[in-house]
Amino acid sequence: MNKKCEIDDATMTVLKDWYGQAKADDLSAGAVYKDQTQKEFGIMVLSAAKGFACSYSNCGGSDGELLCLYNKAAPAPNADLYTEAQGDVCDACPADDPCTAYTCKPKLYELDTNANPQPMCANPGDDGMTYDMQMTARNMANYYRNLVATGWAQDKNGYAPTAKDMNALVYDCDAAGADAKTEAANCMAASYTPTQGYVLNSYKTNNYHLPREEVLKQAMSSWFAQLKSADLDEQAKYDQNVKTTAPDFANVRDLVYGKATKVGCAVGTCLREGFQVAICQFDSAPADGDPLYTVGKTCSRCPAGKTCHKSLSGLCA
Numbered sequence: 001m002n003k004k005c006e007i008d009d010a011t012m013t014v015l016k017d018w019y020g021q022a023k024a025d026d027l028s029a030g031a032v033y034k035d036q037t038q039k040e041f042g043i044m045v046l047s048a049a050k051g052f053a054c055s056y057s058n059c060g061g062s063d064g065e066l067l068c069l070y071n072k073a074a075p076a077p078n079a080d081l082y083t084e085a086q087g088d089v090c091d092a093c094p095a096d097d098p099c100t101a102y103t104c105k106p107k108l109y110e111l112d113t114n115a116n117p118q119p120m121c122a123n124p125g126d127d128g129m130t131y132d133m134q135m136t137a138r139n140m141a142n143y144y145r146n147l148v149a150t151g152w153a154q155d156k157n158g159y160a161p162t163a164k165d166m167n168a169l170v171y172d173c174d175a176a177g178a179d180a181k182t183e184a185a186n187c188m189a190a191s192y193t194p195t196q197g198y199v200l201n202s203y204k205t206n207n208y209h210l211p212r213e214e215v216l217k218q219a220m221s222s223w224f225a226q227l228k229s230a231d232l233d234e235q236a237k238y239d240q241n242v243k244t245t246a247p248d249f250a251n252v253r254d255l256v257y258g259k260a261t262k263v264g265c266a267v268g269t270c271l272r273e274g275f276q277v278a279i280c281q282f283d284s285a286p287a288d289g290d291p292l293y294t295v296g297k298t299c300s301r302c303p304a305g306k307t308c309h310k311s312l313s314g315l316c317a
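Okay, structure coming up:
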């Protein structure tokens, strides 16, 4: 790279130069590797490669360098780079690597649910979540509930009132999570059906490359952000005024309902349809016109057998 450069522009120039090496050879008779004329191009298009990573050095004041590593070594000279299509492009893709934009797209990496610490399920994997993902769901939900309970959650015109009796949630894999996984796996569903006795929140993103844990985080953040669209009254009621000013408030309603005690989630990836969906279920929700929680001094009226949480002081656990 040049001594004085914009690193993004310089990186793109180098990548184009590598790709341009294809012009040095006639590949019509067969795409074979020639390390003298298309060293970088040949590695870029090697069909056996399924992963790569690149990095660059700072080009301010000195020559910058771009380094790319692939999960397959360069082939031997004159070895085939790929198999020429005899029919439709990529018609020989393996079943697990379906044709996507004229390439055989490897199946997305999935976190192993058979790892320690084990997921909180009678049968690990029933919700398709790792232990870390389950903890993310529970901890984010409780963090947002604690913000509300302690009076630090912003609504449309200030802050939501504090809560006397906001329960800390525990993670429920066996009912809420397992059923959420079933719902999330239905890629053709126009809507999702909650488990009997539960309420359901869903969140879709067209970024199907995003790690599933990040989809879950985006979902929780998106649901809670809807609180800023509504102005809760002094009794924190879920009433017609709230429903009118914040049409999607049902998502945050479910997330911060004081009497809820359980949450279970799943994340589904729908490659053909081009989206991912996060689904979380909670074990109760208020009726129209009911308060979301009892307004008053934080954590002053915990249900029998519960006391204020040690680290989330606004919650009853």
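Each residue of the sequence shown is one higher than the one before, counting from 1 in the numbering used here.
The beta-carbon is built from N, C-alpha and C at its ideal position, and this holds for glycine as well.
Coil, strand or helix - residue i by DSSP
i: Y33; result: coil
i: Q118; result: coil
i: R14; result: Position check: residue 14 holds Val in this sequence, whereas Arg was assumed. Three-state DSSP puts V14 in a helix.
i: Y19; result: helix
i: C299; result: coil
i: T162; result: coil
i: D126; result: coil
i: D9; result: helix
i: D174; result: helix
i: A48; result: coil
Residue span of the alpha helix (DSSP H) that contains residue i, given as start and end
i: Y144; result: 131 to 149
i: A225; result: 212 to 225
i: L255; result: 249 to 256
i: K181; result: 178 to 184
i: K306; result: Counting along the chain, K306 falls outside any alpha helix (DSSP H), and DSSP gives it neither H nor E.
i: K105; result: K105 -> no alpha helix (DSSP H), and no H or E assigned at all.
i: E40; result: 39 to 44
Cutoff 7 Å; reference residue i; Cβ partners in own chain excluding five residues on either side
i: A246; result: Q226, S229, A230
i: P291; result: Q235, A236, K237
i: T205; result: V215, Q218, F275, Q276
i: A22; result: Q38, F41
i: Y198; result: A176, Q281, F282, D283
i: A92; result: T83
Environment of residue i [buried if 16+ CB atoms lie within 10 Å]
i: K3; result: Unreliable positioning characterises K3 in this predicted model, as indicated by a pLDDT of 49, which lies under 50. The coordinate reading is nonetheless provided below. By the neighbour-count rule (16 or more Cβ atoms within 10 Å), K3 is not buried but exposed.
i: N78; result: exposed
i: R212; result: buried
i: F52; result: exposed
i: C54; result: exposed
i: L67; result: exposed
i: D165; result: buried
i: K223; result: The amino acid at residue 223 is misidentified as Lys; the sequence shows Trp. Per the 10 Å Cβ criterion, buried.
i: Y143; result: exposed
i: H309; result: buried
i: R145; result: buried
i: L69; result: exposed
i: E183; result: buried
i: Q196; result: exposed
i: S157; result: It is worth fixing the name first, because residue 157 is Asn in this sequence and not Ser. By the neighbour-count rule (16 or more Cβ atoms within 10 Å), N157 is not buried but exposed.
i: T150; result: buried
i: T162; result: buried
i: K181; result: buried
i: R301; result: exposed
i: A190; result: exposed
i: G128; result: buried
i: Y82; result: exposed
i: D254; result: buried
i: D17; result: exposed
i: D179; result: buried
i: T136; result: buried
8 Å CB neighbourhood of residue i in its chain, flanking five on each side removed
i: R138; result: L169, V170, Y171, V263
i: P117; result: Y131
i: S313; result: N146, T150, T298, C299
i: T294; result: A163, K164, D165, G258, R301
i: C316; result: D165, M166, N167, A168, C299, C302, P303, K306, T307, C308, H309
i: D35; result: G42, A74, P77
Residue range of the beta strand (DSSP E) that includes residue i
i: N201; result: 199 to 205
i: L66; result: 66 to 70
i: A266; result: 262 to 270
i: A53; result: 52 to 56
Paired residues, beta bridge with residue i - DSSP
i: N167; result: C316
i: Q276; result: T205, T269
i: P291; result: K237
i: D155; result: G158
i: D80; result: V32
i: Q196; result: Looking at the DSSP assignment, Q196 forms no beta bridge with any residue, so it has no partner.
i: Q322; result: Coverage of the chain is limited to positions 1 through 317, which leaves residue 322 absent and any answer about it impossible.
Own chain partners of residue i with C-beta closer than 6 Å, once the 5 adjacent residues on each side are dropped
i: M220; result: M140
i: A85; result: none
i: G268; result: A184, A185, V277
i: L27; result: none
Residue i: CB within 7 Å of a non-hydrogen atom of the ligand FAD
i: Y33; result: No copy of the ligand FAD occurs in the structure displayed, which carries no ligand at all.
Chain D contact for residue i (CB, 8 Å cutoff)
i: A31; result: Here there is only one protein chain, and chain D is not present.
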